[in-house]
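Numbering (my numbering), first residue to last: 15 to 151.
See the structure below:
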């Protein structure tokens, strides 16, 4: 079944999901942990393919990133634009989140726009060096 064939969700469910995505964007780790422990999927994904982890990384919330990783968030999740949480952290030039995601097993060469390529494309020399070191066996 494709996205186009899926039945529409009720408005209240969509509103709740959007609230959860907002928590990731705002970095509200405590509420995210509480909701996930009550059954919200740790890899909940929006219409653009952004997971909670991708949103938390892009909006530079290390506590939320760490909490989601501890709860089992998939660091290999790729959004509809071919980007991962690691790409988001690199694009934002956030060393702390980049290191946390690498420590959690994120692959710098994953996705249509890999983190290492993004670092090179935007001239982020420190990120390029960090990711190159992480890519070596």
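Glycine included, C-beta positions come from ideal geometry on N, C-alpha and C.
Going by DSSP, name the residue or residues bridged to residue i.
i, result
"residue 59", "65"
Could you pull the start and end residues of the alpha helix (DSSP H) that residue i belongs to?
i, result
"residue 80", "76–84"
"residue 112", "109–117"
"residue 92", "It is not in any alpha helix (DSSP H) - residue 92 carries neither H nor E in the DSSP assignment."
"residue 101", "99–105"
"residue 25", "25–40"
"residue 143", "139–149"
"residue 132", "129–135"
"residue 12", "The question about residue 12 has no answer, for the chain in this structure spans 15 to 151."
Is residue j closer than 8 Å to residue i when the C-beta atoms are compared?
i, j, result
"residue 49", "residue 38", "no"
"residue 115", "residue 130", "no"
"residue 53", "residue 77", "no"
"residue 100", "residue 112", "yes"
"residue 91", "residue 67", "yes"
"residue 149", "residue 123", "yes"
"residue 106", "residue 74", "yes"
"residue 72", "residue 31", "no"
"residue 93", "residue 63", "yes"
What does the Cβ neighbour count give for residue i, buried or exposed, with the cut at 16 atoms within 10 Å?
i, result
"residue 128", "buried"
"residue 143", "exposed"
"residue 27", "exposed"
"residue 125", "buried"
"residue 29", "exposed"
"residue 65", "buried"
"residue 22", "exposed"
"residue 15", "With a pLDDT of 48 at residue 15, under the threshold of 50, the modelled position of this residue cannot be trusted, and the question is left open."
"residue 33", "exposed"
With residue i and residue j assumed to form a contact (beta carbons below 8 Å), what rounded beta-carbon distance in angstroms separates them?
i, j, result
"residue 138", "residue 104", "7 Å"
"residue 70", "residue 79", "5 Å"
"residue 117", "residue 98", "15 Å between Cβ atoms; not a contact."
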